[in-house]
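Here's the structure, in structure tokens; my notes come after.
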Amino acid sequence: ASAPHAHQEGPVYPGTCAARSSRDAETLAPPYAWRFRLPAESASYRDGLAGPQKIDLRTLGDFVVYKSSGTPAYQLAVVADDYAMGVTEVVRGDDLIPSTFRQLALYRAFGWDPPTFYHVPLVVGTDGRRLAKRHGDTRLATLRREGIRSETVVGWLAWSAGLLERPQPVRPADLLAEWDWSRIRRERVIWNPAILEDWKR
208 ASAPHAHQEG PVYPGTCAAR SSRDAETLAP PYAWRFRLPA ESASYRDGLA
258 GPQKIDLRTL GDFVVYKSSG TPAYQLAVVA DDYAMGVTEV VRGDDLIPST
308 FRQLALYRAF GWDPPTFYHV PLVVGTDGRR LAKRHGDTRL ATLRREGIRS
358 ETVVGWLAWS AGLLERPQPV RPADLLAEWD WSRIRRERVI WNPAILEDWK
408 R
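In terms of our numbering, the sequence shown is numbered consecutively and its last residue is 408.
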């Protein structure tokens with residue numbers, strides 16, 4: 208299962224089969240899905256970086272946790288996996304904040320203590336959208352073939368995040384002493400392809 212990004216969860220489930228029992232599932236032809244029923248109420252939590260978050264759970268709708276193919280959906284899989292591994296902190300892009308409310312509901316249902324969530328701003332294109340193929344090939348392997356060192360990329364990311372005063376080549380290990388959540392910027396970072404030309408110099 209892969210993480211659903213913004214607008215990939217589909218429309219809010221209208222409750223077509225919400226009144227069916229578990230026995231009814233045995234009579235249904237695939238594909239069908241098991242859903243987690245969210246209460247019709249608001250929910251909130253404090254994000255370690257993004258701060259207080261609140262949402263009306265009705266805007267999320269009952270979400271899929273298990274598929275007729277016999278595989279768990281992302282929300283259930285990630286909660287069970289993180290709990291089994293003893294994960295205490297989750298750091299990921301801020302486009303997954305809506306998923307956090309679904310996952311917190313599952314943690315409560317299981318009676319498990321949830322991890323602390325830190326949602327960092329995404330790197331987006333000049334169009335404000337999440338980086339994708341339409342913005343060019345930004346894979347590290349491609350950049351390396353063009354002669355751009357990984358330390359250059361890491362340094363730019365660290366500067367964009369607020370950890371360095373200026374972009375400069377740096378190794379991830381060198382940033383450990385500089386790490387401080389209070390320094391991390393809350394604004395999204397804009398990627399401009401022209402940056403590549405600077406990196407090649």
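Even for Gly, the Cβ is constructed at its ideal location relative to N, Cα and C.
Let me check understanding here. Comparing Cα to Cα, which of the options lies closest to residue i?
i: R309; options: D387, R242, W398; result: R242
i: D254; options: H326, T359, A226; result: H326
i: L245; options: R378, P328, P221; result: P221
i: R265; options: P400, G343, A312; result: A312
i: A280; options: S306, R392, E296, R227; result: S306
i: F324; options: T295, D263, G318; result: T295
i: W319; options: T345, R227, L267, A291; result: A291
i: V377; options: A384, L383, T359; result: T359
i: L267; options: F317, R341, P218, L383; result: P218
Since I believe residue j is in contact with residue i (beta carbons under 8 Å), could you give me their beta-carbon distance rounded to a whole number of angstroms?
i: G362; j: L350; result: Rounded, the Cβ-Cβ distance is 13 Å, inconsistent with contact.
i: L283; j: W388; result: With a Cβ gap of about 29 Å, L283 and W388 do not count as contacting.
i: S249; j: I262; result: 7 Å
With distances taken between CB atoms, is the gap from residue i to residue j smaller than 8 Å?
i: S357; j: L347; result: yes
i: I409; j: K407; result: No answer is possible for residue 409: the residues shown for the chain start at 208 and end at 408.
i: Y429; j: V286; result: Within the shown structure, residues of the chain are numbered from 208 to 408, placing residue 429 beyond reach of any answer.
i: P328; j: E404; result: no
i: R352; j: G369; result: no
i: R337; j: D302; result: yes
i: P374; j: W366; result: yes
i: D412; j: P322; result: This structure cannot settle anything about residue 412, because the visible part of the chain is limited to 208 through 408.
i: A247; j: V271; result: no
Spatial neighbours of residue i within its chain, please: CB distance less than 8 Å, with the 5 preceding and 5 following residues excluded, ordered by chain position.
i: D269; result: Y220, G222, A225, R242, F243, R244, L245
i: P379; result: V361
i: V297; result: D289, P322, T323, F324, Y325
i: D231; result: C224
i: T345; result: L338, W398
i: P238; result: K274, S275, S276
i: Q317; result: Note that residue 317 is Phe in the sequence shown, not Gln. Answer for F317: V286, Y290, listed in chain order.
i: S228; result: none
Can you list, in chain order, the residues of its chain whose CB lies under 7 Å from that of residue i, leaving out five sequence neighbours each side?
i: I397; result: V331, T333
i: G343; result: P400
i: R392; result: P328, A368, G369
i: R341; result: none
By Cβ distance below 6 Å, which residues in the same chain neighbour residue i in space, the five residues on each side in sequence not counted?
i: P259; result: R253
i: L383; result: none
i: G300; result: L329
- Task: Entirely within the stretch 312-350 and at least 3 residues each: give me those beta strand (DSSP E) ranges in chain order.
- Result: Secondary structure in the stretch 312-350: the beta strand (DSSP E) runs of 3 residues or longer, each lying completely within the stretch, are 323-327 in chain order.
- alpha helix (DSSP H) segments (min. 4 residues) lying fully within the stretch 233-318: Within the stretch 233-318, the complete alpha helix (DSSP H) segments of 4 residues or longer fall at 281-291, 304-317, listed in chain order.
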